[in-house]
Amino acid sequence: DQQVKQNSPSLSVQEGRISILNCDYTNSMFDYFLWYKKYPAEGPTFLISISSIKDKNEDGRFTVFLNKSAKHLSLHIVPSQPGDSAVYFCAASDSGGSNYKLTFGKGTLLTVNP
Amino acid sequence: ETGVTQSPTHLIKTRGQQVTLRCSSQSGHNTVSWYQQALGQGPQFIFQYYREEENGRGNFPPRFSGLQFPNYSSELNVNALELDDSALYLCASSQDAGQNNEQFFGPGTRLTVL
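Chains as they are written, first to last, in the working numbering: chain A, 1 to 114; chain B, 1001 to 1114.
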């Protein structure tokens, strides 16, 4: 069973526009959420995170929104740049565990067109 | 500060063989996690090592085992390889095992089982 779901395998946007990547989760024990970006032949790199006690976290062009009642989070990138083209993974963790295990979605391939 | 490195980059094995994958964590990081990323999927947690002891395990059989050494290096061993073990194997190191410690990923080892 997939506890973290990214239902859009791909997304294409124009440079300068907003990119919105979505993620849903089913495990109510998850209380910390992260977005990772992955370029080909590289490992995932951390982008931004949000704790379940917040509903928004912003870092420069990147904002993550969390709707706990809907078990949904989204990543907004404004303005989108061609260098943002990558696979984006949503991940979640449960602080009740003894380890910081991340549960990932399948990823969304973002293409930003010049 | 050097990043997380993994070796080898690519590996081809046949069914039934054994394989050892290696990871060098960032200096000072006492926690390493291993993930398996099958084609078209997100990374899936295999296990975590904290100060050379296993600190949690995902849904993987015992033929997946690991070691962590005092010099910030670690190994993932897989015995009796199966075709479904073909995947990208990622290691991630963090300063500690707690939830707020960012995980830094290596570029991965691509394993192909024929």
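We put the CB at the ideal spot given by N, CA and C, even for glycine.
With which residues is Gly1066/B paired in a DSSP beta bridge?
Leu1076/B
Under the three-state reduction of DSSP, which class applies to Leu110/A: helix, strand or coil?
Note: Leu110/A maps to strand in three-state DSSP.
So, helix, strand or coil for Leu1090/B, using DSSP?
strand
With a Cβ-Cβ cutoff of 9 Å, do Asp1107/B and Ala86/A count as a contact?
The sequence as given places Pro at residue 1107/B; Asp does not occur at that position. In this structure, Ala86/A does not lie closer than 9 Å to Pro1107/B by Cβ.
Who are the Cβ neighbours of Gly1156/B in its own chain at under 8 Å, not counting the five residues just before and after it?
Outside the displayed range of chain B (1001 to 1114) lies residue 1156/B, so it cannot be described from this structure.
Can a CB atom of chain B be found closer than 9 Å to the CB of Tyr25/A?
no
Along the beta strand (DSSP E) that carries Phe1047/B, what are the first and last residues, could you check?
1044–1050
Name the chain A residues whose beta carbon is nearer than 8 Å to that of Phe1045/B?
Lys101, Leu102, Thr103
Roughly how many angstroms separate the alpha carbons of Ser1074/B and Leu1111/B, rounded to a whole number?
17 Å
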